[in-house]
């Protein structure tokens, strides 16, 4: 297990408590130790390790909230071998911007630096007839980045038609392979008449163009995803303009923010267990601690929460809520952090799963703002459940009918609620 990297000194702080206490929060707010804050905040936006999917043998009982390593269970088995990432795009230790430049590596992460000139696809690697890994040279991130794409039956670059596009965003401390590695997305979309795009977003990129002390510059993840990559897919891979976006954990934040910052770009947004309101009490500390846990300058992302409040506002989905009018919205989160029905028997509590009540805390704020503007999202706040793939895959499947409708592939189907009945605008398990 990779230990948390050293960042800024982190004082002991209480778990953020919403103005209206979460009635379903089984673990009362308690002062958190330094190590627990780092564990929580790293998991909050970065999520559990990429393969966290089952029981956590190294965790502790809920009655003893002591910081512990997050266990790494096995990844989801697949009927066919999962294509390995391109070695040229595989993570390697970074020695900092200066040495990275000398070695031809990106200052933004463990990838080769971008080539000179405009954004462009520099490599294709096919796995069968449907799956292709693209390598995109991105000036915005200053890196050659991998992007996994699933194409529909009948697709070709020379086709005289375009296809709708579903963008799937990964969580933190993970990569572009996570959706095919941890879910049945390839099988689920086998008959889907749409292109599915799963881009790289960095371990802690937070789907943002970084502030970098006001200088800007790389990494510019938002520009890469919504500008460079989108245009390349539309000009060279027959991607159309009907789009949907969904993501988990850090990717849930990215999906909601992209939809809010680019009104009309996406007809649907699905957000599973993410931070939906970034400026509530306690949340800026958690975000900055998460960056520090990954070895990044906590203020490089959006600057100081007070001095650079306008930058924080510009990246806050709740602040941008009115821009989501006309977009289909599905938001989900657990509320207790306790193991639930999809966890293996005997699963013990882990501080990483505190991300769920924090996600619910921020979700309630966003939902209240949306309703203030007359926007009616579909919200599923379920009670127990860990911050892990079984719940994200379930929620994605429940929101899938909304995705099909947004892409123009079905007739106004509604999401599937827990009991199979008709979908109210707020789904809350008892």
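Residue numbers (the UniProt record's numbering): 1 to 430. Note that beta-carbon positions come from the ideal geometry of N, C-alpha and C, so glycine has one too.
- Under the DSSP assignment, residue 361 falls in the alpha helix (DSSP H) whose first and last residues are 355 to 372.
- Your pair residue 240 and residue 165 checks out as a contact, with CB atoms roughly 6 Å apart and the cut at 8 Å.
- Assigned with DSSP and collapsed to three states, residue 236 falls in helix.
- Contact check for residue 347 against residue 381 fails: the beta carbons are separated by 8 Å or more.
- Residue pairing by DSSP puts residue 168 in a beta bridge opposite 246.
- Secondary structure at residue 196: strand, using DSSP grouped into helix, strand and coil.
- In this structure, DSSP gives residue 159 a state outside helix and strand, which the three-state scheme calls coil.
- Under the 8 Å Cβ criterion, the stretch 153 to 168 does not count as touching the stretch 104 to 115, having fewer than three qualifying pairs.
- In this structure, residue 320 keeps its C-beta atom at 8 Å or more from the C-beta atom of residue 394.
- Residue 405: member of the alpha helix (DSSP H) spanning 389 to 406, first to last residue.
- According to the DSSP assignment, residue 313 belongs to no beta strand (DSSP E) but to the alpha helix (DSSP H) extending over 309 to 314.
- Between the alpha carbons of residue 209 and residue 175 lies a distance of about 18 Å.
- The alpha-carbon of residue 114 is positioned some 15 Å away from that of residue 232.
- Ranked by Cα distance from residue 187, the first of 152, 218, 173, 220 is 152.
- Using a 10 angstroms sphere on the CB of residue 373, the tally of other CB atoms stays under 16, which defines it as exposed.
- When C-alpha distances from residue 274 are compared across 104, 159, 148, 387, the shortest belongs to 387.
- Counting of Cβ neighbours within 10 angstroms places residue 201 among the buried residues, the total reaching 16 or more.
- Distance from the CA atom of residue 247 to the CA atom of residue 215, rounded to whole angstroms, is 29 Å.
- Of all C-beta pairs linking the stretch 133 to 142 to the stretch 219 to 237, three or more are shorter than 8 Å, placing the two stretches in contact.
- Rounded to whole angstroms, residue 307 and residue 221 show a C-alpha spacing of 23 Å.
- Put simply, of 207, 384, 125 the residue whose alpha carbon is nearest the alpha carbon of residue 302 is 207.
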